[in-house]
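For what it's worth, my numbering labels the leading residue of the sequence shown as 66, then goes sequentially.
Glycine included, every Cβ here is placed at the ideal spot set by N, Cα and C.
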Amino acid sequence: MVFSGKNVLVTGASKGIGKEIAKVLADYGLKVWINYRSKPELADAVKSEIEAQGGQAAVICFDASDEEAFVSAVKAIVESDGELSYLVNNAGITNDKLALRMKLADFENVIKTNLDSAFLGCREALKAMGKKRFGSVVNISSIVSETGNLGQVNYSASKGAMNSMTKSFALEGAPRGIRFNAITPGFIATDMTEELSDEIKTSYTDKIPLGRFGDPKDVAEAVAFLLSDSSGYITGEILKVNGGMYM
Numbered sequence: 066m067v068f069s070g071k072n073v074l075v076t077g078a079s080k081g082i083g084k085e086i087a088k089v090l091a092d093y094g095l096k097v098w099i100n101y102r103s104k105p106e107l108a109d110a111v112k113s114e115i116e117a118q119g120g121q122a123a124v125i126c127f128d129a130s131d132e133e134a135f136v137s138a139v140k141a142i143v144e145s146d147g148e149l150s151y152l153v154n155n156a157g158i159t160n161d162k163l164a165l166r167m168k169l170a171d172f173e174n175v176i177k178t179n180l181d182s183a184f185l186g187c188r189e190a191l192k193a194m195g196k197k198r199f200g201s202v203v204n205i206s207s208i209v210s211e212t213g214n215l216g217q218v219n220y221s222a223s224k225g226a227m228n229s230m231t232k233s234f235a236l237e238g239a240p241r242g243i244r245f246n247a248i249t250p251g252f253i254a255t256d257m258t259e260e261l262s263d264e265i266k267t268s269y270t271d272k273i274p275l276g277r278f279g280d281p282k283d284v285a286e287a288v289a290f291l292l293s294d295s296s297g298y299i300t301g302e303i304l305k306v307n308g309g310m311y312m
């Protein structure tokens, strides 16, 4: 894949899917800014992995749901590199419990963290990328944005809103040459899924036509496509990466 831009900011990139996204984008030749909020040793480890493979990376610590912090981070990146070419809004949290037991604070905290961070990223990207009239943003949503999920009223609401927001930003970004898309991953193999029993794993994979959990790299390669020149005529799209679990 070809990338006309030169750098990318990936929020929540110190572990899990975000880490794999950072590594894959570095493999494609982009300088990757690895965002983290805590545990700098994890972010530094991702940076070291990328550099060991000949890639370029930098770490940047900030809370993606904090407006002042996000504004300052984008400013620092532009001052360092001269531009921000791409953004992946991956930072997010869960706080799962049945709605009957969910306090308003539990609901609002997930909404604020997941949706505010994506909004701030999209808005600041629109500003920074607008100067060159070029750029691409990918928001990492979830299959539950389309299906709902037991015990995830807050999380599914945050991701459903993210999908709608992505389309609105796509309309605002198009005249400026900036594309906005989202990805809705299904069940992806992570450290958390490794702790599940074989019986539970089988109960999940039985619902997936392709018969397996996705790999973080499956998501990362989809992100790379949506950022790259190969998807230059795609914007406002919500791309499913779920093995056929929901079509």
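Return the chain-ordered list of same chain residues with a C-beta closer than 6 Å to the C-beta of N214, the five sequence neighbours on each side being excluded.
S221
Can you list, in chain order, the stretches of the alpha helix (DSSP H) that have 4 or more residues and sit fully within the region 73–143?
81–92 and 105–117
Say the cut is 7 Å; is the CB of I243 nearer than that to a heavy atom of the ligand SAH?
This structure simply doesn't include the ligand SAH, nor any ligand for that matter.
How many Å lie between N100 and K232 at the Cα?
24 Å
Mind reading off the beta-carbon distance from T300 to A235? Whole number of angstroms is fine, and I expect it under 8 Å.
4 Å
Contact set for L275: own chain, Cβ-Cβ below 7 Å, skip 5 residues either direction
G308 and G309
Leaving aside the five residues before and after N219 along the sequence, list all residues of the same chain whose C-beta is less than 7 Å from its C-beta, in chain order.
N160, M167, D171, F172, V175 and I176
At what residues does the beta strand (DSSP E) containing F245 begin and finish?
I243 to P250
So, at 6 Å on beta carbons, what are the nonlocal neighbours of K305 in its own chain, with the 5 sequence-adjacent residues on each side left out?
T249
So, is A117 buried or exposed, given that buried needs 16 or more other C-beta atoms within 10 angstroms?
exposed
Using the Cβ count rule (16 or more neighbours within 10 Å means buried), how would you classify R198?
exposed
If you draw a straight line from the alpha carbon of A190 to that of S293, how long is it in whole angstroms?
16 Å
Identity of the residue in K224, Y93, G279 and G77 nearest Q121 by Cα
Y93
Suppose only complete runs of 4+ residues qualify. What are the alpha helix (DSSP H) ranges in the region 155–211, listed by chain order?
169–176 and 182–195
Whose CA, out of D271, V67 and F278, lies closest to the CA of E259?
F278
Could you spell out the range, first to last residue, of the alpha helix (DSSP H) harbouring L292?
P281 to L292
Supposed close pair V153, V75 - CB separation, criterion 8 Å:
4 Å
For F303, the first and last residue of its enclosing beta strand (DSSP E)
A small fix is needed here, since residue 303 is Ile in this sequence, not Phe. Where I303 is concerned, the enclosing beta strand (DSSP E) stretches over I303 to V306.
Y269 in three-state terms, based on DSSP
helix
Assign M227 to one of two classes, buried (16 or more other C-beta atoms within 10 Å of its C-beta) or exposed (fewer than that).
buried
Grouping DSSP H, G and I as helix and E and B as strand, with all else coil, what is L261?
coil
Specify whether the region 240–248 and the region 261–272 touch according to this definition: at least 3 beta carbon pairs, one from each stretch, less than 8 Å apart.
no
Leaving out five residues on either side along the sequence, give the residues of the same chain with a beta carbon under 8 Å from the beta carbon of L180.
S223, A226, M227 and M230
Rounded straight-line distance, which links the Cα of K96 to that of K71
6 Å
Please identify the residue among V288, D128, K140 and F290 whose C-alpha is closest to the C-alpha of G77.
D128
Grab the span of the alpha helix (DSSP H) containing T231 for me, first residue to last.
V218 to G238
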